[in-house]
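Enquirer: For the sequence shown, the working numbering assigns the number 209 to the initial residue and increments by one for each residue that follows.
Just so it is clear, CB atoms sit at the ideal spot from N, CA and C, and this is done for glycine as well.
For clarity, every value in this text was computed on a predicted model and none was experimentally measured.
Here it is, the structure, as structure tokens.
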Amino acid sequence: VEARHTLALGTYRMRPNETIPSYQSRFEALVTPIADLSEGDRIFWFQRGLSESLAGECATDLMGRKFQSYGDLVQFARGAEMRFLAKQGALRPVPRVNA
């Protein structure tokens with residue numbers, strides 16, 4: 209009951225600068241005791257807790273289909289996070305080296 213309440217409140221959501229693996233660990237620790245949590249519910253709550261920068265990208269797979277597997281969603285989210293971080297790195301100015 210308490211875990212479901214935490215899900216409903218949204219207090220489990222990703223923290224600023226938290227990685228997908230860290231969020232996944234916290235999320236799984238929260239939902240594992242919920243015996244009757246369906247795969248669809250697990251997907252819904254995991255997606256709902258993603259950071260704003262990842263939530264939109266992880267709403268569907270690359271073909272525009274909703275995720276059918278929690279594991280596929282987590283794997284996709286890890287890739288989305290790496291792509292997001294790579295873009296962030298590409299936007300940073302390159303330090304100049306004085307010759």
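Would you call the stretch 263-270 and the stretch 231-242 touching, i.e. three or more CB-CB distances under 8 Å?
Expert: no
Enquirer: Smallest Cα separation from E260: which of H213, S277, V305, E226?
Expert: Closest by alpha carbon: E226.
Enquirer: Using CA coordinates, which residue listed in F254, A243, T214 is at the minimum distance from Q314?
Expert: The structure shown does not extend to residue 314, since the chain spans only 209 to 307, so no value can be given for it.
Enquirer: Tell me the rounded alpha-carbon separation between Y220 and T214.
Expert: Approximately 7 Å, taken between the alpha carbons.
Enquirer: Going straight from the alpha carbon of A285 to that of I228, what length do you get?
Expert: 7 Å
Enquirer: What does the Cβ neighbour count give for E289, buried or exposed, with the cut at 16 atoms within 10 Å?
Expert: Around the C-beta of E289, 16 or more other C-beta atoms lie within 10 Å, and the residue is accordingly described as buried.
Enquirer: What did DSSP end up calling P229 once you bin it into helix, strand or coil?
Expert: helix
Enquirer: For L281, tell me which candidate among Q296, F292, L258, A294 has the shortest Cα-Cα distance.
Expert: A check of alpha carbon separations from L281 across Q296, F292, L258, A294 identifies L258 as the nearest.
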